[in-house]
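Residue numbers (the UniProt record's numbering): 1 to 191.
Note that CB positions come from ideal geometry on N, CA and C, so glycine has one too.
Here the structure is a predicted model, which is why all the values come from computation and not from measurement.
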Amino acid sequence: MLFPFVNKQIKDSVILAQIKKILPNIAPRIKRGDPYHQNGEEYQRAFVTFDKLESVDEFMKNRPFSINGHEIKVTRSLPSTCPLFNQSVTGLKIKIDKSSNGQQSNKKLNEYDLKNYCQKFDRVLQCQWTNNDHTEALFIFPDYDSVDRIILCNPSPQIRGIRISLEKTRTAEDNAYCEHPYVIHVTNLPT
């Protein structure tokens, strides 16, 4: 689990005491990231490791989390190879593997198939195809944690034998809350 914006003055013992209020029988471990400055304050990322996934799930159900009267954002820690791994977004981009989707016309995935898979994790607020050949879709969830859980479960699952890939994506609402909404992401740069 990741606490991305922890004031450097807050000691690990304070974080652990707050966690113990929610999970009294759990002993997580904390590792701090490098300090950084924001708005004249010094912050660090705090990585909190639990022994069981159920502990993370229980903790995330009890948000918002606050320390010393200040709300602290908490997210699941995603691999840095995941697009937008360090951002809280409510959008999920689904890409259907064209090679497996076109093998047999009776094996095409439809909106119901995708929605049925996603609703194992949370309620879907909105879903829509984003291209004409119905190989990409955008799903919007009520909470950023739902998107993170789906990605962590399996970023490339199969539905009815057809492989799909899942990616975090920003929605218009996510952009409204973003500190820097106008950012470009460049990938696949030659080395």
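The three-state reading of DSSP puts Lys20 in helix, counting H, G and I together. Cβ-Cβ separation between Ile151 and Pro157: approximately 10 Å, too far for a contact (criterion under 8 Å). The segment 74-132 contains, as complete alpha helix (DSSP H) runs of 4+ residues, the segments 98-101 and 111-118 (chain order). Under the three-state reduction of DSSP output, Ala27 falls in the coil class, being neither helix nor strand.
Glu136 sits close to Ile94, with the two beta carbons spaced by under 8 Å. In the structure shown, Arg170 falls within a coil segment according to DSSP collapsed to helix, strand and coil.
Assigned with DSSP and collapsed to three states, Ile164 falls in strand. The Cβ atoms of Thr90 and Phe141 sit closer than 8 Å to each other.
DSSP places Phe139 in the strand class (E or B) of the three-state scheme. Membership of Arg149 in the alpha helix (DSSP H) is indicated by the continuous run Tyr144 to Cys153.
DSSP, read as helix, strand or coil, puts Ser13 in helix. C-alpha of Lys20 to C-alpha of Ser55: approximately 11 Å in a straight line. Around the beta-carbon of Cys118, 16 or more other beta-carbon atoms lie within 10 Å, marking it buried. Note: Arg32 is bridge-paired with Ala46 in the DSSP secondary-structure output. In its chain, beyond the 5 residues on either side, Asp145 have a beta carbon closer than 6 Å to the beta carbon of Met60.
Under the 10 Å beta carbon count, Val48 is surrounded by 16 or more other beta carbons and is classified as buried. Looking from the CA of Pro35, the closest CA among Asp143, Asn132 and Gln9 belongs to Gln9.
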